[in-house]
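Numbering (the UniProt record's numbering), first residue to last: 1 to 323.
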């Protein structure tokens, strides 16, 4: 199957099939990764308020654009409404703050990061906690928040809007009460967490899925912050079937896992730290996986989730906790 370098969203905008996940990139790494990724050919850059690097990313992008090394129209920038701003009265304020941090006039894709609302402390970057360490929860109204998201599109502050970590019932609620449907759903997605019903649902409603933790814990290993305390995913790079298929196609295990995602018409985010890795991932557009081997990988689904936000102690008590 031929996989396009970009996917057309339900609003007509195009999103690159592969993007750079900037989670947990420190100051020195971020500067190198973004410059090198753009040089190699990546154009989708994903960040968020909780990545704590929007300001630095903005400086890097502005410098590159000022130097004429990249045009704004060539970039696809995704950031997110944090759960600490998941109230209708905070939506535009949070967006304007991200635009200021990123030194941009508009965002390409703005996602509601979580279906729950957490109270913030002195800023949206700081979650308010109780004395026992539990996060402070707040009421959530997805419909009112989504109406404000739609206003961001109308005002030209973002081209597309979508969701992250929402379940099927929560998405259905928004679809039944929206003027602009979600263009993207960003979720954890890999061979051990395939979520076929959710995938089919989104394809039925023309919602493009983007995967994060695309290689499982291997893609998030440098930070235990995101890992649930309840689950540890075995290395997907060491799964015998993956190694067997990689050898058959003379490709790396990472290329097989990423290509499998694209074969599902799902876009993917990946953390990359060096030029060699970036060129390796770009190589997934140079081959396809046969249907027999696709079925082998499909059969590996274990419904194992690694990112359930369990590090936010008490989040599971929110009525809209999606898992």
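We put the CB at the ideal spot given by N, CA and C, even for glycine.
Contact between residue 78 and residue 52 is ruled out by a C-beta separation of about 16 Å, above the 8 Å threshold.
According to the DSSP assignment, residue 37 belongs to the alpha helix (DSSP H) that extends over 27 to 40.
Under DSSP, residue 117 takes part in a beta bridge, and its partners are 138.
Looking at the DSSP output, residue 20 shares a beta bridge with 45 and 270. Remark: C-beta atoms of residue 213 and residue 140 do not approach each other more closely than 7 Å.
For residue 45 against residue 34, the beta-carbon gap comes to about 7 Å, under 8 Å, which counts as contact.
Between the region 148 to 159 and the region 261 to 271 there are fewer than three C-beta pairs closer than 8 Å, too few to call the two in contact. Look at the beta carbons and you see the region 109 to 124 touching the region 156 to 169: at least three pairs across the two are nearer than 8 Å. For residue 263, no pairing in a beta bridge is given by DSSP. With a beta-carbon spacing of about 7 Å, residue 281 and residue 254 fall inside the 8 Å limit used to define contacts. Residue 95 sits close to residue 157, with the two beta carbons spaced by under 7 Å. Assignment of beta-bridge partners to residue 110 by DSSP yields 79 and 161.
When secondary structure is reduced to three states using DSSP, residue 56 falls in the helix class. In terms of CA proximity to residue 21, 43 leads the group 43, 39 and 11. Apart from sequence neighbours up to five positions away, the residues of its chain that approach residue 13 with a beta-carbon distance below 6 Å are 159 and 160, ordered along the chain. Excluding five sequence positions before and after residue 297, the CB atoms of its chain that fall closer than 6 Å to its own CB belong to 191 and 260, given in chain order. Where residue 212 is concerned, the enclosing beta strand (DSSP E) starts and stops at 208 to 212. Between residue 81 and residue 208 a beta carbon distance of about 18 Å is seen, past the 8 Å cut, so the two are scored as non-contacting. Residues of the same chain with a CB within less than 8 Å of the CB of residue 137, apart from the 5 flanking positions on each side, are 116, 117, 118, 119, 314, 315, 317 and 318 in chain order. For residue 129, DSSP records a beta bridge to 135. For the 7 Å CB-CB criterion, residue 178 and residue 146 form a contact.
Annotation for residue 84: no beta strand (DSSP E) segment contains it, and DSSP assigns it neither H nor E. Counting of Cβ neighbours within 10 angstroms places residue 251 among the buried residues, the total reaching 16 or more.
In the three-state reduction of the DSSP assignment, residue 187 falls in the strand class, which pools E and B.
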